[in-house]
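**Q**
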Amino acid sequence: MQDNHIVHIEGQRKIRNKNVQQQNLLSYLEMKVCAESFRKHPEKLPWLVELLSVERLSVLGGLLIDCSDIPEQLGTQWIGTWLTFNECFYAFEIAAERSTGRLLEIDVWERITPEISIHSKGVGKSPGFIALSLLAEYGDGPAELSEAGCLPDDE
Numbered sequence: 013m014q015d016n017h018i019v020h021i022e023g024q025r026k027i028r029n030k031n032v033q034q035q036n037l038l039s040y041l042e043m044k045v046c047a048e049s050f051r052k053h054p055e056k057l058p059w060l061v062e063l064l065s066v067e068r069l070s071v072l073g074g075l076l077i078d079c080s081d082i083p084e085q086l087g088t089q090w091i092g093t094w095l096t097f098n099e100c101f102y103a104f105e106i107a108a109e110r111s112t113g114r115l116l117e118i119d120v121w122e123r124i125t126p127e128i129s130i131h132s133k134g135v136g137k138s139p140g141f142i143a144l145s146l147l148a149e150y151g152d153g154p155a156e157l158s159e160a161g162c163l164p165d166d167e
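Heads up: take any position in the sequence shown, counting from 1, add 12, and you land on our numbering.
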């Protein structure tokens with residue numbers, strides 16, 4: 013299934029002048045592949061499993077909606093966004109050991125509030141709206157937190 017998404021993503025990327033629907037589809041597919049890849053193989057990103065544990069969240073309690081890496085001299089810098097089933101977005105930047113993937117340092121872990129719009133000027137659906145649409149496909153998922161919703165920033 014994931015291979016079909018990757019083929020479809022590559023096809024969408026090759027389109028030079030994408031219309032709004034094509035841009036939205038590409039964003040959706042990239043988020044879906046990222047989320048599914050981590051859900052199926054969390055062991056491939058041991059630093060993220062450890063980060064979620066440190067932040068009192070679980071691997072099955074949300075979706076990795078974007079993630080990229082930057083090789084550095086002492087390891088790898090990872091930047092991305094985690095979305096909980098309580099609809100809380102968290103931006104992160106961490107350093108991980110290159111050989112083992114062990115979490116070395118948490119540079120950023122913060123709750124963010126992305127734009128949530130179905131009609132963003134020039135782009136159609138905002139990335140936040142697309143991420144929440146993807147989250148809805150997974151149902152409610154396991155409850156991460158109490159009914160209060162997101163953790164306060166200072167916890």
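Every residue, glycine too, gets a C-beta built ideally from N, C-alpha and C.
Where DSSP assigns a beta bridge to Ile124, which residues make up the other side?
**A** Beta-bridge pairing links Ile124 to Phe101.
**Q** Below 7 Å CB to CB, which residues in the same chain sit around Val71 once its five sequence neighbours on both sides are set aside?
**A** Hits under 7 Å: Pro54, Val61, Leu64.
**Q** Short check: CB of Leu57 to CB of Gly87, under 9 Å?
**A** No, Cβ-Cβ distance for Leu57 and Gly87 is not below 9 Å.
**Q** Leaving out five residues on either side along the sequence, give the residues of the same chain with a beta carbon under 7 Å from the beta carbon of Cys46.
**A** Correct list, in chain order: Leu76, Ile77, Asp78, Cys79.
**Q** Take Ala108 as the anchor and find which of Pro126, Ala148, Glu84, Gln33 has the nearest alpha-carbon.
**A** Among Pro126, Ala148, Glu84, Gln33, the Cα nearest to that of Ala108 belongs to Glu84.
**Q** Suppose you measure from the CA of Ser132 to the CA of Val32; what does that come to, to the nearest Å?
**A** Rounded to the nearest angstrom, the two C-alpha atoms are 10 Å apart.
**Q** Since Ile124 and Glu105 should fall inside the 8 Å C-beta cutoff, what is the C-beta to C-beta distance between them, to a whole number of angstroms?
**A** Actually they do not touch by this definition, with Cβ atoms about 12 Å apart.
**Q** Looking at C-alpha atoms only, which residue of Val120, Ile142, Trp121 is the closest neighbour of Ile130?
**A** Comparing Cα positions, the closest option is Ile142.
**Q** When you compare only the Cα positions, how much space is there between Ser111 and Glu42?
**A** Whole-angstrom Cα-Cα distance: 26 Å.
**Q** For Glu67 versus Tyr102, is the C-beta spacing smaller than 9 Å?
**A** Contact flag set, yes.
**Q** From this set, Gln89, Cys100, Thr96, Gln35, which residue's C-alpha is nearest Ile118's C-alpha?
**A** Residue Gln89 is the option with its Cα nearest to Ile118.
**Q** For Val120, collect the residues of the same chain with a Cβ closer than 7 Å to its Cβ; drop the 5 residues on either side in sequence, then sort them by chain order.
**A** Taken in chain order, the residues that qualify are Ala103, Phe104, Glu105.
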